[in-house]
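K.L.:
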Amino acid sequence: MKVVEVRGLTKKYGKKTAISNLSFEVNEGELFGFIGPDGAGKTTLFRILTTLLLPNSGSAKILGKDVVKDYKYLRNHIGYMPGRFSLYMDLTVEENLRFFASIFNTTIEENYQLVKDIYSQIEPFKKRRAGQLSGGMKQKLALSCALIHKPRLLVLDEPTTGVDAVSRKEFWEMLKRLKEQGITIIVSTPYMDEAVLCDRIAFIQNGSILDINTPAGIISGYKKKLFSIETMRKYNVIKILETYEYKDSVFPFGDSIHYTDKRESINSEILIDYLHSTGINDCSVSEIESGIEDVFMSLIKEGTDGQ
Amino acid sequence: MDNNHKVIEVTDLTKKFGNFTAVSQITFDVNEGEIFGFLGANGAGKTTAMKMLTGLLSPTSGKAKVAGFDVYKQSEQIKKHIGYMSQKFSLYEDLTIVENISFYAGIYGLTDEQISEKTNFLLKKLDLEKSRNELIKSLPLGWKQKLAFSVAIIHDPGIVFLDEPTGGVDPITRRQFWNLIYEASENKKTIFVTTHYMDEAEYCDRISIMVDGKIEALDSPVNLKEKYYCKSINEVFIHLARKNKNQ
Amino acid sequence: MRTFANFILKEVYHITRDWRSLIVLICIPVIQLFLFGYAIRTELNEAEICIIDHSKDYITQEITNKLISSGYFKLNAYIENEKQIEHLFKNGSVKEVIIFEQHFAKKLEKEGKASIMLVADASNPNIATLVTSYTSSIIRTYQLELNAKAIKANTLIIPEVKMMYNPELKSVYMFVPGLIALILMLVSALMTSIAITREKEMGSMEVLLVSPLKPQMIIIGKVVPYVIISFFNSLTVLALSILIFKIPFEGSFLLFTFESVLFIITALALGILISTIANSQLAAMMMSLGGLLMPTVLLSGFIYPVENMPLPLRNTFATCYSYIGFFCFPRTVYNTTE
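Chains as they are written, first to last, in this note's numbering: chain A, 1 to 307; chain B, 308 to 554; chain C, 555 to 892.
This is the structure:
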């Protein structure tokens, strides 16, 4: 069953198009990720899906119901965690959760089983005000609050932005367990390394979807030869390659440099020879498998070059 | 790298707020032209430490010199010799590009001549000549960030403090931003940067990882990975932060 | 229904958590009650009067006693001639001068009528009207008593009212100069406090503080444009009031300018003070409105006369809101002579 079916969805703010002609589907029990930078249209899309915003054209169906007509039904079955300010900082942990339970006409006790896994970690601090929690704990509380009414679809808008790597990792572990309980999850993130943790991902940039696929599918769709260059003089090498006539793209990438070439026949030796000829001797070059981030960057590049 | 010239020297720097110790006896040096990554979990004390080094907050105890000036007595001098950019705010949205540039150049005491020279140079370098009189809010986030960095070093400071400069930016723009950082570092500018992107930590010459107000690890990314038998800085970070939590 | 009750409960939590707002919520009605109950009075309370008694007989004495024992008036002094009136009014404390004509009692007995002249300082038309109507009604009551005693039926005491400085009792004479102060308060205090808290809210304050600019320079830099705007504002209002509302401006322009600048600086200082406490633009606005503008309107004599407030309160507020002086000030500069 399709939990989400979106067809030709468009939203404009005045002249500015926030999202244009989006179409995608999300299957039941799927963990679906939207990957894209700030201003790509993720929040606008999520607000339409959660019935908070009306689209200009196109349709969106969730659990078989229309987001415009059946918003009352849907609001009871969607859990939404907006990027920021979703908690009341002046209420205690327990009061927050109790409040969110009550507006959906349920109680903590009734659905405790559902949030137990997450909530039990912050329960020792239940008398503490939400504003005094650490970033990671706030996140757990916000997730508990979004879950307390037993939603069938969970929509999380950039839950990990500005959160440190440890809390991010824990958060994704929680999502995985929720998924196992059969909850469908849509999540957005600007962090590429989180993309591989989703079942399927959609790259979104400037209001359009660049690609939708499984992480593995996306990677295998990348046809270019990708080279990783390791050197102590990263900046020099980047500068040299930037002006190389056959260069397709060159980016710093973690502890190395990722490079693609315009020639089909390119191999590591050619590249090493070229770098040697420019006086770079202390480098090693190897052809590598591409990652999600490489694909996304090449998609963005195609998009901007095509304009 | 010139190891003899230290532009930031910190010894046992501590800051307490009442009973709470936000920064506890941190000690480190940063060399000239180095890209120094200052990592830590939320609430680990990064912001407090950075405030002390930029002269915004007076330490409780310990010693620190930035650009050769003492943080207790010479914060005015420090401010003249550093650049600062934060993710929370970079440029005035309701001013044009040119107005923003001349504002910042002005508060750092550049002359009118220098300002117009620098403005033209920056616009050309960032390819923004056509939109020089557009409001900042009409610029895409990535451009804003790049412009903000260029503006932060407009007075040619020896040290630049960057507080999560690349939050929410697409991966290509993020890398273009880092190219600017590399370039500045080539020009002997010292870069002191915080980030939540662990792959960016790998771009740094050396990084420190702060946990609960203390510096838990400090070395080059390569050495740190070797030391903790990890494949990436992300793993090192998680290892250190978790280890401390379980204690 | 339970859902709704829970929603209300949450709101109650919010309110109780923020004890500062709670105090404000509870205190505002109390303060307002006391303000309107004690401080803001529309009736007279010991208004100072002077008397020129050309007759000095038993009737003028009786009328004087009636006036003073009413509690509404307080005798400042007996004076000898009309020339002193202007000087008294300029000093500001005396609100009305009562002049009994010569041979008052005799005239009343022989001709059945006599006249009293009531001279009021109408640069504040509200007070002037109040003072003269109270005096007239006391005199009327006395006249009725006199008739009832039937010494001589149908005696008539005629109060003649003379309004000095503003004979047509145009309220615009009073409101426009007061408005200058109000506008200056709005632009100077409100706008400055908002402008500074905006930088705090955006995070740009941090960037500025890290720059070599001295903190005092940042503050002064933020304030200077508002000083200029405020000053321009006061000149505009002044020009309009003279050209369109035809309000006579008789005082010293230099003095007016000097006093305006002084007032603007005070208001700006208050604005800066607010911006140090307020963390958001909204809070700054609430504090400026509640702490500065409301008292400006209610307690400075702009609408309700300051003279009617109880003395301790008057002193307190006069000290707290230094600009009360400014409210009276333009009025005196505007119309010093008739």
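Cβ atoms here follow ideal geometry from the backbone N, Cα and C, with glycine treated the same way.
1. Among B:Ile540, B:Glu424, B:Thr318 and B:Met357, which one has its Cα closest to the Cα of B:Ile466?
2. For the 8 Å Cβ check, are there 3 or more pairs between the segment 480-490 of chain B and the segment 193-202 of chain A?
3. Say whether chain D places a C-beta atom closer than 8 Å to the C-beta of B:Lys395.
4. Could you have a look at A:Pro55 and say whether DSSP puts it in helix, strand or coil?
5. Using only alpha-carbon positions, find the residue among A:Ala18, A:Leu299 and A:Ile288 that is nearest to A:Asp211.
6. In chain C, which residues lie with their C-beta within 8 Å of the C-beta of A:Ser86?
7. At least one CB of chain B closer than 8 Å to the CB of C:Gly757: is that the case?
8. I need the straight-line Cα distance from A:Ser228 to A:Val285, nearest angstrom please.
9. If the cut is a Cβ gap below 8 Å, which residues of chain B does C:Pro766 touch?
10. Starting from B:Lys496, follow the alpha helix (DSSP H) in both directions and report where the run begins and ends.
11. Closest to A:Gly217 by CA distance: which of A:Glu158, A:Arg168, A:Val163 and A:Val295 is it?
12. If you reduce the DSSP assignment to three classes, tell me which class B:Val543 lands in.
13. Of the residues that make up the segment 478-497 of chain B, which ones have a beta carbon closer than 8 Å to any beta carbon in chain A?
14. Taking the alpha helix (DSSP H) that A:Gln205 falls in, what are its first and last residues?
15. Taking all protein chains shown into account, decide if C:Pro583 is buried (16 or more other Cβ within 10 angstroms of its Cβ) or exposed.
16. Mind listing the chain C neighbours of B:Thr502? Cutoff is C-beta to C-beta under 8 Å, in chain order.
17. Taking only the alpha-carbon atoms, compute the straight-line gap between A:Val6 and B:Asn349 and give it to the nearest angstrom.
18. Return yes when the Cβ of B:Leu531 is within less than 8 Å of the Cβ of B:Ile540, no when it is not.
19. For the beta strand (DSSP E) that contains A:Lys247, what are its first and last residues?
20. CB-CB under 8 Å to C:Tyr696, same chain, minus the five flanking residues each way: which ones, in chain order?
21. Secondary structure at A:Lys234, three-state DSSP: helix, strand or coil?
22. On the criterion of 16 or more Cβ atoms from any shown chain inside 10 Å, does A:Ile266 qualify as buried, or is it exposed?
23. Cβ closer than 8 Å: which chain B residues qualify as neighbours of A:Gly309?
24. If we count the other Cβ atoms within 10 Å of its Cβ and call it buried at 16 or more, is C:Ile613 buried or exposed?
25. With three or more C-beta pairs closer than 8 Å as the rule, is the segment 447-464 of chain B touching the segment 412-420 of chain B?
26. If you compare alpha carbons, which of B:Pro478, B:Tyr504 and B:Ile498 is closest to A:Ala165?
27. Give the residues of chain C in contact with B:Thr426, contact being defined as C-beta atoms less than 8 Å apart.
28. Considering only C-alpha positions, which residue in the set B:Lys431, B:Glu441 and B:Gly390 is nearest to B:Tyr399?
29. Is A:His258 helix, strand or coil by DSSP?
30. How many whole angstroms separate the CB atoms of A:Ile186 and A:Val4, which I take to be in contact at a CB cut-off of 8 Å?
31. Taking 8 Å as the cut-off, decide whether the C-beta atoms of C:Val685 and C:Glu650 are in contact.
32. Please tell me whether A:Val163 and A:Phe46 are closer than 8 Å, where the distance is taken between their beta carbons.
33. Between which two residues does the beta strand (DSSP E) carrying C:Glu602 extend?
34. Quick one, are the C-beta atoms of A:Thr92 and A:Arg152 less than 8 Å apart?
35. Confirm, please, whether the CB-CB distance from C:Leu816 to C:Leu846 is below 8 Å.
36. Using a Cβ-Cβ cutoff of 8 Å, what residues of the segment 232-259 of chain A are near chain B? List them in chain order.
P.N.:
This is what the structure gives:
1. As a position in the second sequence, residue 466 of chain B is number 159, starting the count at 1. Looking at the Cα atoms, B:Met357 is the closest of the given residues.
2. no
3. In summary, chain D is missing from the structure at hand, where the protein chains are A, B and C.
4. Counting from one through the first sequence, the residue named residue 55 of chain A turns up at place 55. Correct three-state label for A:Pro55: coil.
5. Taking the first sequence and counting its residues from 1, the one referred to as residue 211 of chain A is at position 211. Of the residues A:Ala18, A:Leu299 and A:Ile288, the one whose Cα lies closest to the Cα of A:Asp211 is A:Leu299.
6. Looking up residue 86 of chain A in the first sequence gives position 86. What A:Ser86 touches in chain C: nothing, since even the nearest Cβ is about 14 Å away.
7. Locating residue 757 of chain C in the third sequence gives position 203, counting from the first residue. Output row for C:Gly757: interface = yes.
8. One-based indexing of the first sequence puts residue 228 of chain A at position 228. One-based indexing of the first sequence puts residue 285 of chain A at position 285. A:Ser228 and A:Val285: Cα-Cα distance of roughly 6 Å.
9. Along the third sequence, read from residue 1 onward, the residue named residue 766 of chain C stands at position 212. Near C:Pro766 (Cβ distances below 8 Å), the residues of chain B are Glu383, Lys386, Lys387, Ile414, Tyr415 and Gly416.
10. The sequence position of residue 496 of chain B within the second sequence is 189, counting from 1. Taken as a continuous stretch (DSSP letters only), B:Lys496 belongs to no alpha helix (DSSP H), as it is neither H nor E.
11. Counted from its first residue, the first sequence places residue 217 of chain A at position 217. Of A:Glu158, A:Arg168, A:Val163 and A:Val295, the residue nearest in Cα terms is A:Val295.
12. Along the second sequence, read from residue 1 onward, the residue named residue 543 of chain B stands at position 236. Note: B:Val543 maps to helix in three-state DSSP.
13. Pro478, Ile479, Thr480, Arg482, Trp485, Asn486, Tyr489, Glu490, Ser492 and Glu493
14. In the first sequence, counting from the first residue as 1, residue 205 of chain A sits at position 205. Element bounds for A:Gln205: not the alpha helix (DSSP H) but the beta strand (DSSP E), Arg200 to Gln205.
15. Numbered from 1 along the third sequence, position 29 holds the residue referred to as residue 583 of chain C. Counting other Cβ atoms within 10 Å of its Cβ, C:Pro583 stays below 16 and is therefore classed as exposed.
16. In the second sequence, counting from the first residue as 1, residue 502 of chain B sits at position 195. Correct list: empty, because the minimum Cβ distance to chain C is about 17 Å.
17. Along the first sequence, read from residue 1 onward, the residue named residue 6 of chain A stands at position 6. Along the second sequence, read from residue 1 onward, the residue named residue 349 of chain B stands at position 42. For A:Val6 and B:Asn349, the distance between alpha carbons rounds to 37 Å.
18. Position 233 of the second sequence, counted from the start, is the residue given in the question as residue 540 of chain B. Position 224 of the second sequence, counted from the start, is the residue given in the question as residue 531 of chain B. Yes, the Cβ-Cβ distance between B:Ile540 and B:Leu531 is below 8 Å.
19. In the first sequence, residue 247 of chain A corresponds to position 247, counting from 1. Start and end: Lys247 to Phe253.
20. In the third sequence, residue 696 of chain C corresponds to position 142, counting from 1. Closer than 8 Å at the Cβ level, and outside the excluded window around C:Tyr696, lie Glu616, Ile617, Lys620 and Ile711.
21. Position 234 of the first sequence, counted from the start, is the residue given in the question as residue 234 of chain A. Helix, per DSSP.
22. What you label residue 266 of chain A is simply residue 266 of the first sequence in a count that begins at 1. Buried, because 16 or more other Cβ atoms sit within 10 Å of the Cβ of A:Ile266.
23. Nothing can be reported for residue 309 of chain A: it is not among the residues displayed for chain A, which extend from 1 to 307.
24. The residue labelled residue 613 of chain C in the question sits at position 59 within the third sequence. Buried, by the Cβ-count rule.
25. yes
26. In the first sequence, residue 165 of chain A corresponds to position 165, counting from 1. With distances taken between Cα atoms, A:Ala165 lies closest to B:Tyr504.
27. For the purposes of this step, residue 426 of chain B is identified with residue 119 of the second sequence, where counting begins at 1. Under the 8 Å cutoff, chain C gives no residues; its nearest Cβ is about 18 Å from B:Thr426.
28. One-based indexing of the second sequence puts residue 399 of chain B at position 92. When each option's Cα is compared against that of B:Tyr399, the closest is B:Glu441.
29. One-based indexing of the first sequence puts residue 258 of chain A at position 258. Residue state, collapsed to three classes: strand.
30. The residue you call residue 186 of chain A lines up with position 186 of the first sequence. The residue you call residue 4 of chain A lines up with position 4 of the first sequence. With a Cβ gap of about 7 Å, A:Ile186 and A:Val4 count as contacting.
31. Looking up residue 685 of chain C in the third sequence gives position 131. Looking up residue 650 of chain C in the third sequence gives position 96. For C:Val685 and C:Glu650, yes; Cβs fall inside 8 Å.
32. Translated into positions along the first sequence, residue 163 of chain A becomes position 163. Translated into positions along the first sequence, residue 46 of chain A becomes position 46. No. Outside cutoff.
33. Within the third sequence, the letter at position 48 stands for residue 602 of chain C. Ala601 to Asp607 is the span of the beta strand (DSSP E), which, as asked, contains C:Glu602.
34. Position 92 of the first sequence, counted from the first residue, corresponds to residue 92 of chain A. Position 152 of the first sequence, counted from the first residue, corresponds to residue 152 of chain A. Result no, Cβ atoms of A:Thr92 and A:Arg152 do not sit closer than 8 Å.
35. Position 292 of the third sequence holds residue 846 of chain C. Position 262 of the third sequence holds residue 816 of chain C. Not closer than 8 Å, so no.
36. Lys234, Tyr235, Ile238, Phe251, Pro252, Phe253, Gly254 and Asp255
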